[in-house]
Amino acid sequence: MSELDLPAWSEPFTGGRRSALARPLPFEGIDRTWAFDGSDGSGVTVAIIDSGVERDHPAVGGRLVRSVRVELGGEEVEVVEDPEAIDLVGHGTACAGIVHSLAPAAEIVSIRVLGPDNRGKGAAFAAGLEWAIDQGASVVNLSLSSKSDAMFPVFHELADAAYFANVLLVSAANNVPGPSYPSLFAAVVSVAAHDVADPWTWYYNPAPPVEFGAYGLDVDVAWREGGRILATGNSFAAPHVAGLATLIRAKHPGISPFEVKTVLAATATPVG
Amino acid sequence: MTEERLGDDAVAALRAIGLRAESARRLELGSAEAVLRSIVDATVALFQAEAASIALYDAASDRLVFRVAAGHQGQGVVGLAVPPSQGLVGYVYTTGQALALSDVARDKRFGRAFAEQTSYVPRSIVAVPLVDEHGTIGVLEVLDKRDEAAFSLRDIELASVFARQAAVAISASRVERDAAALLEAVIRALVQGDDAGATDRTVGELVSQATASLSGEDESRLWPLVEQIARIRQADPGQLALVTDLLAVLATHAERSARGRSRRR
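So the sequences go chain by chain: Y and W. FYI, in the numbering used here the residues of the first sequence are 1 to 272. FYI, in the numbering used here the residues of the second sequence are 273 to 537.
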């Protein structure tokens, strides 16, 4: 925590603070060449749980293979096909574009949980996550989280279910103080932004809950209606780590979520 | 109609609501707007921004409604209602994720849409959720730092923490305003079926009973907060109390920004 008592999940990854991330124990033999050299993400499916992904956006490279949305009708929550593949915000397309830029051959599945009706958004988000786990996505990018106490057990169960089903959840840390699920659960890869303009720079922070710092300051991202914009936030850092995890899982089929996390830590940008 | 007939739980509930109603009285009704205004004024000062605005979610219309704005370029947005499913403000509200966008004009569509709504195209925007104990209630948006092209990660974090404080103040003022009406409605429901002619008098008595013992009580940490908000209202136009509280934060922030700048270049 900083002197300002900010949540400041980015703090350990920025400027002079980074020197504290130096690790006493290097992982011998695990380097970036071994981890993902030659990998383009082929064979791996990445689910983007967000505002939707524009199928025709150049940044997505035609790799969007499926698009669904969560519909809430009273007590019923339903996941339905979303053939239009729209994004009313641009954020989901930004995340998909970042993943595609790192892992161009990976298949992308969009799960739109932000729609015209946002009542019960925590429930929609949970339903989208459950669907992604059921479908066996290799990597799931979550730029959302819920602060609702009622959702704590739901997301806790889903985070465990994903872990046991060999599904890697990559979640953007939230900047707002207080609990935030599932981004602060141990089973997920929680990511905050650092201030180095390089998608191949990422840091490992041995002090959880936010264990990874990735590119998230003034990132040139895809935005709605074919556009692009410079964007800043933890939610743009997470898809960078999702992309890296995709490369690792493509090159090493069968590698488990905790092993991916370990490889990400071992190959993180050295400090000090 | 006596307290005994209501049962302990009902009396406890009435006392709790009465506490809030008493707060509403101390604040005077309609103070929520003043609290909002003080927050955006302080935000503009804190960030040296061209504009700041607050949109609160209105459940009845399912829209985020811009309630107040401050700064030279801010006023055009007041009254604007946007669906929570769309755009930057909608995204921040629904996801609770703080975001910043810069070089906004480069995306012509984005800039045009923004200008159509607000008659001002910013260079950069930071939008953070207003989160109270129960969830996200709205969005605080800040446009254009006067002396910098974009918002930093630290700006987003600072705005997020500031928005948290703001949300607590907003919900305090809002809950108390609503509580007075709620108290009356609850009591009316409880006494229904009794002597209908005596209802109005009974309601009045119960409200008095529920709140009579509160004024001198020091048991709740609510009162300092209430007094503070009340003071801020009277401090217009500067809303000095809140700004004073923020000066320490501002000073630390300025110092850090200066350090950050010299480090980057």
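Even for Gly, the Cβ is constructed at its ideal location relative to N, Cα and C. Since we're looking at a predicted model, the values are computed, not measured.
Through-space distance from VAL350 of chain W to ALA321 of chain W, alpha-carbon basis: 17 Å
Check whether ALA250 of chain Y and GLY43 of chain Y have beta carbons under 7 Å apart: yes
Per-residue burial, ARG436 of chain W [other beta carbons within 10 Å of its own, 16 or more giving buried]: Burial of ARG436 of chain W is indicated by the presence of at least 16 other C-beta atoms within 10 angstroms of its C-beta.
Interface flag, ALA520 of chain W vs chain Y, CB-CB below 7 Å: Reliability fails at ALA520 of chain W, whose pLDDT of 37 lies under 50, so the model's placement of it is uncertain and no value is given.
LEU352 of chain W (DSSP reduced to helix, strand or coil): DSSP, reduced to helix, strand and coil, places LEU352 of chain W outside both helices and strands of the structure shown, so it counts as coil.
Within 7 Å, strictly: CB atoms of SER396 of chain W and ASP416 of chain W: ASP416 of chain W is positioned such that its CB atom lies closer than 7 Å to that of SER396 of chain W.
Where ALA422 of chain W meets chain Y, residues with beta-carbon distance less than 8 Å: ASP218, LEU230 and THR232
Proximity of ILE111 of chain Y and VAL68 of chain Y at Cβ, strictly below 7 Å: yes
Where SER443 of chain W meets chain Y, residues with beta-carbon distance less than 8 Å: What SER443 of chain W touches in chain Y: nothing, since even the nearest Cβ is about 14 Å away.
Positions along the stretch 182-196 of chain Y whose CB lies within less than 9 Å of some CB in chain W: ALA192, ALA193, HIS194 and ASP195
Simplified DSSP assignment, three categories, for ASP404 of chain W: strand
Helix, strand or coil at GLY510 of chain W according to DSSP, with G and I counted as helix: Unreliable positioning characterises GLY510 of chain W in this predicted model, as indicated by a pLDDT of 39, which lies under 50. The coordinate reading is nonetheless provided below. Of the three classes helix, strand and coil, the one that applies to GLY510 of chain W here is coil, per DSSP.
Contact list for ILE428 of chain W against chain Y, beta-carbon separation under 7 Å: ASN175, THR232 and GLY233
Secondary structure of SER10 of chain Y, DSSP reduced to three states: coil
TYR363 of chain W: first and last residue of the uninterrupted alpha helix (DSSP H) it sits in: 359-367
Cutoff 7 Å; reference ALA438 of chain W; Cβ partners in own chain excluding five residues on either side: ILE311, LEU402 and LEU412
VAL271 of chain Y in three-state terms, based on DSSP: coil
Cβ separation of VAL196 of chain Y and SER171 of chain Y, assumed to be a contact under 8 Å, to the nearest whole Å: That pair is no contact at about 21 Å.
Where HIS344 of chain W falls: helix, strand or coil (DSSP): The answer is coil: DSSP assigns HIS344 of chain W none of H, G, I, E or B.
PHE338 of chain W in three-state terms, based on DSSP: strand
N-terminal and C-terminal residue of the beta strand (DSSP E) that THR45 of chain Y is part of: Segment 45-50, the beta strand (DSSP E) holding THR45 of chain Y.
Whole-angstrom C-beta distance between VAL393 of chain W and VAL376 of chain W, which should lie under 8 Å: 7 Å
Rounded separation between THR390 of chain W and ALA126 of chain Y - CA only: 35 Å
Residues near ALA526 of chain W by beta carbon distance below 8 Å, same chain, minus five either side: Note that ALA526 of chain W has pLDDT 45, beneath the 50 cutoff, so the model's placement of it is unreliable and no number is given.
Cβ pair count under 8 Å reaching 3, the stretch 47-64 of chain Y against the stretch 16-29 of chain Y: no
HIS194 of chain Y - containing beta strand (DSSP E), residue span: 189-194
Member of Y:SER183, Y:ALA132 and Y:SER39 whose CA lies at the smallest distance from the CA of ALA162 of chain Y: Y:ALA132
Local Cβ density within 10 Å of HIS344 of chain W, reported as buried at 16 or more and exposed below that: exposed
ASP467 of chain W versus GLN369 of chain W: straight-line alpha-carbon distance, rounded: Note that ASP467 of chain W scores a pLDDT of 49, beneath 50, so its modelled location is shaky; the value from the coordinates is reported in the next line. Approximately 53 Å between the Cα atoms of the pair.
Rounded straight-line distance, which links the Cα of VAL219 of chain Y to that of THR93 of chain Y: When rounded, the distance between both Cα atoms is 13 Å.
Listed by chain order, chain B residues near PRO401 of chain W by CB distance under 7 Å: Looking for chain B here will not work: the only protein chains present are Y and W.
Proximal residues of chain Y, C-beta to C-beta of LEU373 of chain W below 7 Å: ILE229, LEU230 and ALA231
Simplified DSSP state of GLU78 of chain Y, which is helix, strand or coil: strand
Pairwise C-alpha distance: ALA265 of chain Y and LEU72 of chain Y: 39 Å
C-beta neighbour in chain Y for ASP404 of chain W, strict 7 Å: The Cβ of ASP404 of chain W sits no closer than 7 Å to any Cβ of chain Y.
Where THR33 of chain Y falls, given that 16 or more other Cβ within 10 Å makes a residue buried: exposed
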